[in-house]
Amino acid sequence: MKIPSRELWSYFGYGLGQCFSFGLVGSFINYFYTDVLGISALAASTIFLIARAWDAIHDPLFASIMDTINSRFGKFRHFMLIAPLLITGVTLLSFYKIEADTTTKILYAGVTYILWGTLYAISDIPFWSMSSVMTNDSSERTRAVTAAMLGVNAGIACANIFFPKLSTFFAQYSNDKGYFMAALVMMLFGLPLMLNGFLQIKERVPPSLEKVTIRDTFGNLKRNKPLFIILLSFFFCVFHNVANGIYIYFFIYNLGDASLQMAIGIMGIVAAIICLIAPMLTRRLQKRKLFMILCGLDIVVRGIMWFAGYQHTVLLFILLGLSTLFVMMTNILTSSMIADTIEYAEYHTHKRCAAITFSGQTFTGKMSVAVGGGLIGVYLTTIGYVPQAQSQGGAVLSGLFFGICLLPAIGSLIRMGIMSRFTFTEEKHAEICRLLAERRRQATDVARDNQEAATRPVTTN
4 MKIPSRELWS YFGYGLGQCF SFGLVGSFIN YFYTDVLGIS ALAASTIFLI
54 ARAWDAIHDP LFASIMDTIN SRFGKFRHFM LIAPLLITGV TLLSFYKIEA
104 DTTTKILYAG VTYILWGTLY AISDIPFWSM SSVMTNDSSE RTRAVTAAML
154 GVNAGIACAN IFFPKLSTFF AQYSNDKGYF MAALVMMLFG LPLMLNGFLQ
204 IKERVPPSLE KVTIRDTFGN LKRNKPLFII LLSFFFCVFH NVANGIYIYF
254 FIYNLGDASL QMAIGIMGIV AAIICLIAPM LTRRLQKRKL FMILCGLDIV
304 VRGIMWFAGY QHTVLLFILL GLSTLFVMMT NILTSSMIAD TIEYAEYHTH
354 KRCAAITFSG QTFTGKMSVA VGGGLIGVYL TTIGYVPQAQ SQGGAVLSGL
404 FFGICLLPAI GSLIRMGIMS RFTFTEEKHA EICRLLAERR RQATDVARDN
454 QEAATRPVTT N
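As numbered in the working numbering, residues 4 to 464 make up the sequence shown, in order.
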């Protein structure tokens, strides 16, 4: 089933608008907490870890409920109508600076951050699940996931590009460094992009013939062994997430220019565009093999960066751009492989449960970001970082550079080792899809024969 280009662009647009929020929270919330709201780095880290403990409960629970629901819009589209409004509101609350004592500020930050993660799941799980119901063709899914990931990374990149400029502009009119107004402008642009995605994206893959219960969804998840290998590899982006949170400190203190954060956003957009070649590459190489090659290249690039130092700014940003490209493409492959495991679990359980499968990606992504955010506070404390100081010592500067160079390389090495154990190839997926189609035909034939038998007139002698 081929997906129309208009629909792919709308899928891209939803991811773009949604990840204005994700980019803002992922890249700037830690700095907002420590240097705008005025709470400690360790307090912020504690908030992140508590939020992820809650995510471990609500993400699979929400997803299991989604898998049991059918509406006139389909299984997932109706959530994409409600979620944009919720995300917009909670993102603005997260970047609102309250005037209160330190304890109240910590409580406010904790409540709004946990609420953000909860409501974000209502958008992100259906968003990724849509890639599995737009088509069941593996190549077309890669195109859909590429469009989605392009939007996701472009949204994060736009947050890194425009948010610093907007906050600088609004800073003169506020006492929060312009963060709230900058977030408001970003989300007002993201909201219509998400609503357009709801209007344009279609569901084509039918649900299971048998009714799915909440208990079925967890049984389906338990049987999906390839999924857990992918998710474990995905989690170890945590080292890259630590680096993402450290960039702003590195640019301020090592390079002396906070506006260089924009370069990360620009590199993200360029890398996202280059990632359009992903479907072409997956036609030539197995996804697993390509994933491992990209991780290896990231390790090499990060190693060169460390030995070259940060005095050569142009070379530094070229290497950062290459690393951004390699990691971004592995994330496209991750989502595509997750979508393929839905048929694996359906074949073994006779239940199709896309939402709970992609809740694994949503939860793991948020867990990786949050653990990364928590580690940022621990890492900054370990290297002796002093919040709101005009300058930092040499040990802090070296520690910041190590954090953006070699920590991500360690992560890529671990990811490559984990993915070496993945065996659910494209050939095995195609065979399972064939068997599922044959099973559906047989079930349809049996149902038709039963219906004909029930309506056939009874004859007596």
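Virtual Cβ for every residue (Gly too), placed ideally from N, Cα, C.
Give the DSSP bridge partners of G77, in chain order. S74
Pop quiz: I302 and L230 are said to be a contact at Cβ under 8 Å. What is the actual Cβ separation, rounded to whole angstroms? Between L230 and I302 the Cβ distance is about 25 Å, and since that is not below 8 Å, they are no contact.
Determine the direct distance from the alpha carbon of G375 to that of F238, and round the result to whole angstroms. 10 Å
For Y111, collect the residues of the same chain with a Cβ closer than 6 Å to its Cβ; drop the 5 residues on either side in sequence, then sort them by chain order. I101
Separation of T220 from M69, as counted between CA atoms: 10 Å
For the alpha helix (DSSP H) that contains V28, what are its first and last residues? S8 to Y34
In whole angstroms, what is the alpha-carbon distance linking A373 and F51? 5 Å
Out of F15, Y252, Y123 and P195, state which residue places its alpha-carbon closest to the alpha-carbon of S134. F15
Could you tell me if H315 is buried or exposed, where buried requires 16 or more neighbouring beta carbons within 10 angstroms of its beta carbon? exposed
Cα-Cα separation between F242 and R443, rounded to whole angstroms: 43 Å
Looking at L224 and T121, is the spacing between their C-beta atoms short of 8 Å? no
Identify, in the order they occur along the chain, each residue of the same chain with its Cβ nearer than 8 Å to the Cβ of L187, setting aside the five sequence neighbours on each side. L95
If you draw a straight line from the alpha carbon of N156 to that of K168, how long is it in whole angstroms? 19 Å
Please go through the same chain and pick out, in chain order, the residues whose beta-carbon is closer than 6 Å to the beta-carbon of C408, but skip the five residues on each side of it. R305, M308 and W309
Cβ-Cβ separation, Y17 to G154 (assumed contact under 8 Å), whole Å: 7 Å
Quick one: measure Cβ to Cβ for Y313 and N257, integer angstroms, because I've assumed they're closer than 8 Å. 6 Å
How would you label M331, buried or exposed, when you count the other beta carbons within 10 angstroms and need 16 or more for buried? buried
Under the three-state DSSP convention, the category H351 falls into: helix
For V245 and R75, I'd like the C-alpha separation in whole angstroms. 42 Å
Complete runs of the alpha helix (DSSP H) confined to the stretch 230-274 [at least 4 residues]: 241-256
Report yes if the C-beta distance between D62 and S371 is below 8 Å; otherwise report no. no
Can you check whether the CB of R207 is closer than 8 Å to the CB of V148? no
Following the continuous alpha helix (DSSP H) through Y111, name the residue where it begins and the one where it ends. T105 to V136
Secondary structure of G299, DSSP reduced to three states: helix
Bounding residues of the alpha helix (DSSP H) (the contiguous stretch that carries C408): G397 to M422
For a test of the three-state rule: what should DSSP assign to Y182, helix, strand or coil? helix
Outcome for S13 when other beta-carbon atoms lying within 10 angstroms are tallied against a minimum of 16: buried
With contact counted as at least three CB pairs below 8 Å, one residue from each stretch, are the stretch 319-328 and the stretch 264-278 in contact? yes
Three or more C-beta pairs below 8 Å linking the stretch 160-180 and the stretch 286-302: no
Interface flag, L378 vs chain C, CB-CB below 8 Å: Of the chains in the structure shown, none is chain C; there is only one protein chain.
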